[in-house]
Amino acid sequence: MAPPVSTPKSASPSQPSGKSEVTDLKLQLRQLAGSRAPGADDAKRDLFKRVISCMTVGIDVSPAFSEMVMCSATSDVVLKKMCYLYVGNYARCNPDLALLTINFLQKDCHDQDPTIRGLALRSLCSLRVQNLVEYLVAPLAAGLKDHSSYVRTVAAIGVLKLYHISATMCHDSDFPAALKALMLSDPDAQVVANCLYSLLEIWTQDAANSDEAAREIETLYGKSIIYYLLNRIKDFSEWAQCLVLDLVSKYIPSDNNEIFDMMNLLEDRLQHANGAVVLATIKVFLHLTMSMTDVHQQVYERIKAPLLTLVGAGSPEQSYAVLCHLHLLVMRAPMLFSSDYKHFYCQFSDPSYVKKLKLEMLTAIANESNTYEIVTELCEYAGNVDVPIARESIRAVGKIALQQYDVNAIVDRLLQFLEMEKDYVTAETLVLVKDLLRKYPQWSHDCIAVVGNISSNSIQEPKAKAALIWMLGEYSQDMMDAPYVLESLVENWEEEHSPEVRLHLLTAVMRCFFKRAPETQKALGAALAAGLADNNQDVHDRALFYYRLLQYDVAVAERVVNPPKQAVSVFADTQSSEIKDRIFDEFNSLSVVYQKPSYLFTDKEHRGPFEFSENLSNLAIGGDSGDDVIHSAQRYEENDKDLLLSTSDKEENGGPTHNGSSTYSAPSDVNSSRSLVSSSTTQPAAFAIDDLLGLGVLDTPVLPPPPALSLNAKPVLDPGTFQKKWGQLTVSSSQESTLSIQGVASLTAPQSLIKHMQNNSIQCIASGGQPPNYKFFFFAQKEGSSSFFLVECIVNTASAKAQIKIKADDASASDAFASLFQSALSNFGSS
Amino acid sequence: MQQLQCIFLLSESSGEVMVEKQTTGHHVDRSICAWFWHQYNHHRNNDQMSVVTSPTHYLFPLIRHGIIFLACTQLELPPLLPIEFLSRFADILSDYLCAGSGAGATLNEDIVKDNFVIVYEVLDEMMDNGFPLTTEPNLLKDIVLPPNLVTKVLHAVTGNSSPSVGPTLPHAAASTVPWRSTHPKTTTNEVYVNLVEQLDASVNRDGNLRRCQVYGEIQVNSSLPGFPDLTLSFTNPSLLNDVRFHPCVRFRPWESSQVLSFVPPDGHFKLMTYRVKELKKIPIYVKPQLTSDSGNCRISALVGVRNDPGKTIDSIIVEFQLPPCITSADLTSNHGTVDILADKTCRWSIGQIPKDKLPSLSGNLVLEPGLDRLHVAPTFQVRFKIMGIAMSGLQIDKLDVKNMPANPYKGFRAQTQAGDYEFRS
C-alpha cells in the first residue's frame, strides 16, 4: 500500500498501465457517485475492489481520493470497510482531502449498528492527521461510554492512537483517567485488556517527564490492580493474558504466601494451548521464585514438561523460539535436565540451527550417569551428511571429554574418529586431541601412538595442522620421526599459507631442538632463516626473538620455550556469567532468541564506533570548565592524529625515536602547542595523553576528594518504592570489585553477606541465586536526608568478583557511596 | 509495548506482496519485503531462522501453503507472540477461504488474491494497533461472514447484495464462554472425536531404539445445539506425560480425576494436545546395510512389521538422501517403486507390506572418482499411516453429553502417522 512520499507518479515505474488505470477508475467512480439505481452498490463494490487491489500491488491510487469519498455514502458494510481501508491508507498524504471523510465517519459513529460504530471509530482514529484531532475527541468520549462492548474495545485503543497523534489533546480530554475507570469497572474482559494496553503505553511514555504518570505506572504494578487482573485472568483472551502475565512478572510480592497463591492460581496457564501464554507464565514463575532456591528448582521441574512439548509439537518457527528458551534454562541448570537427554537428540529433519542448539545442550547436561549414552549418540552424528553438524558433534564430544573426570572411553572414541580417514573429521579431532592433552597429559601415550600415524600432508586446515605441529613439538621425545616430519614441513615453508601454522612450526622446531638436538639442528637453522625472511610481521618477530634468545643463552632459551607445563584445569568460557544472568532476566523476549542481552543489540553505545567520542566529550565536561572544554576536546583530536603520525614515522625510521615532541608542536594553534609541550606538568593535558594511549581514563577521574558520607543506620524503603526508583534512576556508578578469600569462604548463603552489610548501614531488599552466583539488591540512605542509594550487586564466588551497579537519588554523592560500599564489601569475611 | 507494526502476505514462489496491513502510526515501507525476499532466496536451500533481523526491523516470517506471512516490528516483544499470532491467522484464513471449497482444499496464493478483501476484513478484526484482538474463529465468523457456498447461493437466488458482514454483533464476548457463539444455528446434533497421533522414533545403526515418543491431538468436530456440556474420559489417562488444553477445558476436573469437562465451540477445534514419552515398541522397522569398497557401495534395506499393531499399516514410504559424493545409483526393489528425485532424495514407495514377502531394496552406488569408501551414513526416514489405532495406547472410555434436549450422535476415530521416524545406517 506504500503511499508515495513526494512523487506519486514515480511510485509505480514497473506498472506502466497504472496511470491510465487510475484515470479510468476515477471516471467510473464519478459516474457512480450519485447513483441510487439498483445494482449500483454491486458496481461500486467491483470498482472499490479494483482500487484496493491496485493499492495492494503498489500503484498509487490517491488521485481518486475525492471520488472515493463521494461514493462512500452507502449502507453497504463491505463497501464501507473497503472505503475505510482506502481512506486510512491515503489520509496521511492528503490531509486536506481527509477532511472530506470526517463528515461521513462522524455520522457512522452514531449508526445504530455497533459494528458500523466500531468500524467508523477505528477508521477515524487511524487517519492520523494532525489537524483533524479535534474531531476525534467527541466520538472517542462517546465510544468509551457506548453500551456495546465492541465499540468500547475500539475506543480504548483509539485513545492510544489519539495520544500518539497529539498527547496534549489526549490529556486535556482526561482520557487516561477515563480509561483507568473503565479498566477497573468494565464487565467485558477485552475492554479491560485494551484499556490496560493503552494505559501502559501512555503512562510509560509520560513517565519520563511527569511524576504523576510515574505514580500511575506504579499503581498498575501495585497489589490491588495486579490482583484484580489475576482474578479475571481466565476471562481474558490469550493475547491479553500474555499482557497481564508480563505485568505480573514485574510485581514483587510481599511474602512467600503471596508467591504460592499466585503460582497456584496460574498453574493451569502452563497447559494453555497457546505457547505465548505458556512462556509468559514460565517467566512469572521464574521471577517469583528467584529468591527461594528450593522452590526455584521445583519450578524448573514443573516447567520442563510443557517446554519439551512445545519444542516437539509446534511448527518449526515456534519450535526454534522455544528451544532457545529451553537452551537458556539448560545452560543455567544443566543438572536438572540430565535425565531428559534423549529429548535433545538430533532428528535428521531438524534444521541445522536447531541441531546446533541441541548439541550445545547435550554437551551441557552430560554427567557421570549419561555420558556414555550421549557420546554414543554424538559419535553417530560424526557420519552425518551435513558436514558442519558432523564437525559440531565431534567438538561436542571433545567438550564433554574436557568436562568429565573419567575420559577413558571418550578418548578411545576420539581416536576412532581419526581412523575414519575423512579429512574434516580428522581435522576436528586433532584440534580436540590437542586440547585434551593440555588438560590430561597422562593420555599422551595412547594419543601419540595414533596421531603419529597421521600424515601431515593429508591435513589442510590450518587449525588442525597447527594442532598436529604443536603435538609434534610437545611430544617429540615419544615420536620417533618427529624431527624428520618437522624438517619436511620446514622445507615446504613457502607453500604454507597460514601464518598461524608457521608460528607453531617455529615453536615446535625449537621445542624439538631442546629434546633431540642432533636430529633437529638442521631443521631449526632452516626454520629460523625462513622465519626471518617471512613477510608476516609476527612470524618474523618470533623468529628474530628465538634467534636472539639462542644467541644470548641456550639454557635461558630452553627455560622460555620449554618450561615444565601445568595441565590446564578449566578452559575459558566465552560468555560471562553476568551476560547470562542478564539474558535470564529478559526471559520471554527476543534477547533469548539472539542469545544476547538486549542492551547489546539495542543500546546506542554498543552499536557503533561513537562510544569513544561520547566518552571524550563527557570527560571534558567533568574535568574542566568553560571555553577550555572545547579547546581541550579539539586538542585531543589533534593529538590523536599526531600520535598516529609519530608511530608511522617510527616504523619508517626502523629504530626507536624520541621525536614525539617535534610532532606535537605541529598544530598551528599556539595555545594548544604550549600546553602540550608542558604536558608533563599540567594535569589536564597529561590526562589527555593517557586517554589517547587507551589507559582507561574512567579509572582516573580528576575529582575533588569526596566529602565524607555517613549513612542512616535504619533506613526504611518498601519493595514497591525500590522497584519504582530502580526503574526511574539511571546507573550512576558501575564497578567491579574483588572479594577477599575469607569473604568468598563465608559466602555460603546470601544471609551472611546481608548481615555484614547491615552492620555497615546498608540494607538488603532482595537476594537470590545459587552458588557460585548470588544477586543482591541493597539500599542505603544518606544520614539526615531523604536521598537513597540503590545497589545491584552480583557476586560470583568462583571468581571472587562482584559486579556493582549503583543508582542514587543524589548522583553527586554516588561516588562517595560507591567507595563506602566497596570498602564494606572488601571487609566482608575479615571481621 | 507488544505490538506488530505491519503484516505482509507474500507469495512464496514470486515474492509478490499480496496483502499489506499497516497497524500503527509507524509506517513500514514495503521495500522490507524485497529485502526479506532476497534473504529468503539466498538461504532457501539451507535454513530459515524464526526471527530475522533486517537493518530496520525484526521480521517474523511464517511459511504456510506457499504463502509467507511476515510480521514486522521494531520493539522488543515475546517472540512467541507474533509467531503464534501468525500461525493462528494462517489457520483462520484457511478456515475462512477453503472451508467452502470441499474437503482437502488448502490455502494458496490464488485464493488469497481472489479474496483479499476478506483477508483485510479478518485482519482488521484480529488486530488493532498491532495488538492481537479477536482470534476465536467462531467470534470472527459472527463479525465477518466467510464467503461460503451458502451465501453465494443465497446471493444468486435472491439477487440481494448480501454483505459479508454479520447482521449483528456477537455477544459471546461478554459471556463466560467466549469461544461459543450464542446465536442459535441449525445444527446436525452430532459430535466427532478424533485421536490423531504422530509417532517419533529413531533407531541407531546397531538397531537399538534410541528414542520413541508420541505427540497426539484430540480433534473434535462438534455440531450441537444450545449449550452442551461434555465430559470425555479415558481408560488410561496416566499414560499422558504432558497435556495442553483448549481454553474451553475446565482445569479442576482434570486435576482431580483426569476427565475433560468442557463446553465445546462449534465446528472443528483442537481439544487437547499431549505427549507420551518413552514408548518401547515401534510398529515397523527398516534394516539398512551399506558396504563399500573400491569406489562402489552395495546398499540393501529390508522393511518389516515388528510389533503388529493389529491394523493395516498404510502408505509406507521410505526415503533417504543420497550423499553428495555419489555420482550414480542403480536401485531396485522387489515391491513398490523406487524414484530418485531431483535433490538426490531416494524415495521408495511401498504402500502396504504384502503378506507373502518382506519388501527389500538393493542396488549399487557409484562413488566419486578418487573416493574409495563411503564415509557418510544416510538416514532412512519412514512415513506411514495406521488407521483405527492410537499407538500410544490411549483409549477413550466414554463421552457424556449433558444439557441437551436429544441424545446426539457420537463418533470416535483414531489414527497414527509417522512423524520423525528414522533409521540410521
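Just so you know, the sequences run in chain order A and B.
Each residue of the first sequence is one higher than the one before, starting from 31 at the first, in our numbering.
Each residue of the second sequence is one higher than the one before, starting from 21 at the first, in our numbering.
Backbone N, C-alpha and C define an ideal beta-carbon position, used for all residues, glycine too.
Computed from a predicted model, the values in this text were never measured in an experiment.
Beta carbon proximity, residue 33 of chain B to chain A, threshold 9 Å: no
Identity of the residue in A/323, A/259, A/419, A/856 nearest residue 286 of chain A by Cα: A/323
Neighbour flag for residue 421 of chain A against chain B, beta carbons, 9 Å: no
Per-residue DSSP class, three states only, for residue 345 of chain B: coil
Beta-carbon proximity list for residue 113 of chain B, same chain, < 8 Å, skipping 5 on both sides: 127, 132, 139, 142
Cβ of residue 410 of chain B within 9 Å of any chain A Cβ: no
Sufficient close CB pairs (3 or more, under 8 Å) joining the region 849-860 of chain A to the region 765-784 of chain A: yes
Beta-carbon separation (whole angstroms), residue 851 of chain A vs residue 821 of chain A, contact threshold 8 Å: 6 Å
Residue-chain proximity (residue 359 of chain B, chain A), Cβ-Cβ < 9 Å: no
Beta-carbon spacing of residue 102 of chain B, residue 110 of chain B below 9 Å: no
CB contact below 9 Å: residue 230 of chain B versus chain A: yes
Euclidean distance between Cα positions of residue 761 of chain A and residue 243 of chain A: 21 Å
Boundaries of the beta strand (DSSP E) in which residue 441 of chain B is found, first to last residue: 429-444
Own chain partners of residue 405 of chain A with C-beta closer than 8 Å, once the 5 adjacent residues on each side are dropped: 396, 427, 430, 439, 440, 443
Beta-carbon spacing of residue 886 of chain A, residue 750 of chain A below 9 Å: Outside the shown range of chain A (31 to 861) lies residue 886 of chain A, about which nothing can therefore be said.
Within chain A, partners of residue 141 of chain B - CB distance below 7 Å: 111
Segment contact flag, the region 214-234 of chain A with the region 247-267 of chain A, C-beta cutoff 8 Å, min 3 pairs: yes
Residue range of the unbroken alpha helix (DSSP H) whose run includes residue 14 of chain A: A question about residue 14 of chain A goes unanswered here, because the residues of chain A that appear run from 31 up to 861.
Paired residues, beta bridge with residue 322 of chain A - DSSP: DSSP lists no partner for residue 322 of chain A.
For residue 371 of chain B, three-class secondary structure by DSSP: strand
Coarse secondary structure for residue 138 of chain A, derived from DSSP in three states: helix
Entirely enclosed beta strand (DSSP E) segments - the region 235-267 of chain B, minimum 3 residues: 249-254, 262-265
Three-state class that DSSP yields for residue 334 of chain B in the structure shown: strand
Beta-bridge pairing of residue 288 of chain B - partner residues as DSSP gives them: B/241
Per-residue contacts from residue 125 of chain A into chain B (C-beta, under 7 Å): In chain order: nothing, as chain B lies at least about 14 Å away.
Cβ-Cβ separation, residue 86 of chain B to residue 129 of chain B (assumed contact under 8 Å), whole Å: 6 Å
Cβ-based burial, residue 744 of chain A [other Cβ within 10 Å; buried from 16]: exposed
Residue-level contact to chain B via CB, residue 233 of chain A, 9 Å cutoff: no
Whole-angstrom distance between residue 198 of chain A and residue 620 of chain A, CA atom to CA atom: 33 Å
Proximal residues, the region 290-309 of chain B versus chain A, C-beta separation under 7 Å: 290, 293, 295
Neighbour list for residue 336 of chain A in chain B, Cβ cutoff strictly below 8 Å: 262, 264
Endpoints, the alpha helix (DSSP H) within which residue 146 of chain B is located: 136-146
Reduced DSSP category for residue 81 of chain B - H, G, I as helix; E, B as strand; rest coil: strand
Interface residues of chain A facing residue 74 of chain B [CB-CB closer than 7 Å]: What residue 74 of chain B touches in chain A: nothing, since even the nearest Cβ is about 13 Å away.
Buried/exposed call for residue 17 of chain A, threshold 16 Cβ in 10 Å: Here chain A covers residues 31 to 861 and nothing more, so residue 17 of chain A does not appear.
Residues that residue 225 of chain B contacts on chain A, provided the C-beta gap is smaller than 7 Å: 410
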